[in-house]
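Residue numbers (this note's numbering): 441 to 617.
Ideal Cβ placement from N, Cα and C applies to all residues, glycine included.
Here is the structure we will look at.
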Ligand code: AMP
C-alpha cells in the first residue's frame with residue numbers, strides 16, 4: 441500500500457526537499473514502497489507527496505535492467521548531511537551494498553537528494569541541487585509531476601525548460617491511482 445499522502449494537489453512550494461528514488465533489481469516496486477514507508481516512519485521526516493512510478497531506460501551503463509523511478513517531496517528538520525546519512529541507512533536496509541556496486545550500475549535501491557529548498561551545497565560528499573538533475577528524464581519527469589513550477593536554484597531556469605533536451609530518453613509513466 442502507498443503511504444497516505446496528499447497525491448493530487450499541484451504547485452508544491454520550492455522550500456520543500458525533493459528526492460529521487462530508483463531501483464532496477466528484484467521487486468523494484470516493493471523496494472520503492474518500502475523506502476517510502478521508511479521515510480514516513482522517520483520521526484524527523486514528513487512525506488508530503490510522492491509521484492507515480494516511471495519505467496525508465498538505464499543511462500550511461502546501458503547493459504542492465506530498466507529502472508523503476510519516482511520522486512518524493514518531504515519536509516525535514518535534518519540538515520542535508522544528516523538527511524543523506526538517513527537515506528543511505530534506508531538504502532542499506534533495502535539491500536543496497538555499496539562495497540560491490542558498479543558506479544551507475546544496477547542497484548536495489550538508490551535515493552538521491554535533488555533539491556533542499558533553494559539551498560546550494562557543494563562539498564566532496566554532497567552536491568545539491570543534484571548535478572544530474574537537469575540531464576535525466578527519469579529524474580525530471582517524476583519531479584515535475586509533483587511540483588511543476590520548480591525553478592533551478594543555481595540557474596534560475598524553470599525545471600520544465602530542461603525537458604525538451606531529455607525527451608529522447610525512453611520512459612513510461614505507470615499510473616497506479
Ligand atoms: P549513488 O551511487 O547515486 O548513490 O551516489 C554515490 C554518492 O553520491 C554518495 O555516496 C553521496 O555521497 C554522493 N552524493 C553527492 N551528492 C548527492 C546527492 N545530492 N544525493 C545523494 N547522493 C549524493
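Within 10 Å of its beta-carbon, does residue i have 16 or more other beta-carbons around it, so buried, or fewer, so exposed?
| i | result |
| --- | --- |
| residue 589 | exposed |
| residue 446 | In this prediction, residue 446 scores a pLDDT of 48, lower than 50, which makes its location untrustworthy; no coordinate-derived value is stated. |
| residue 550 | buried |
| residue 608 | exposed |
Hey, is residue i close to the ligand AMP, as in C-beta under 8 Å from one of its heavy atoms?
| i | result |
| --- | --- |
| residue 528 | yes |
| residue 498 | no |
| residue 547 | yes |
| residue 613 | no |
If you draw a straight line from the alpha carbon of residue i to that of residue j, how long is it in whole angstroms?
| i | j | result |
| --- | --- | --- |
| residue 599 | residue 544 | 23 Å |
| residue 455 | residue 561 | 15 Å |
| residue 530 | residue 466 | 16 Å |
| residue 495 | residue 471 | 14 Å |
| residue 517 | residue 566 | 17 Å |
| residue 464 | residue 535 | 12 Å |
Apart from the five residues on each side of it in sequence, which residues of its chain come closer than 8 Å, Cβ to Cβ, to residue i?
| i | result |
| --- | --- |
| residue 558 | 454, 455, 593 |
| residue 448 | Below a pLDDT of 50, predicted positions are generally treated as unreliable, and residue 448, at 48, falls in that range; the measurement from the model is reported next regardless. No residues qualify anywhere along the chain. |
Apart from the five residues just before and just after residue i, which ones in its own chain have a Cβ nearer than 7 Å to its Cβ?
| i | result |
| --- | --- |
| residue 602 | 574, 580 |
Could you pull the start and end residues of the beta strand (DSSP E) that residue i belongs to?
| i | result |
| --- | --- |
| residue 521 | Careful: residue 521 lies outside any beta strand (DSSP E), inside the alpha helix (DSSP H) at 520-533. |
Sorted by chain position, which residues of the same chain lie with C-beta nearer than 6 Å to residue i's C-beta, five sequence neighbours on each side aside?
| i | result |
| --- | --- |
| residue 460 | 511, 552, 554, 579 |
| residue 493 | 508, 510, 614 |
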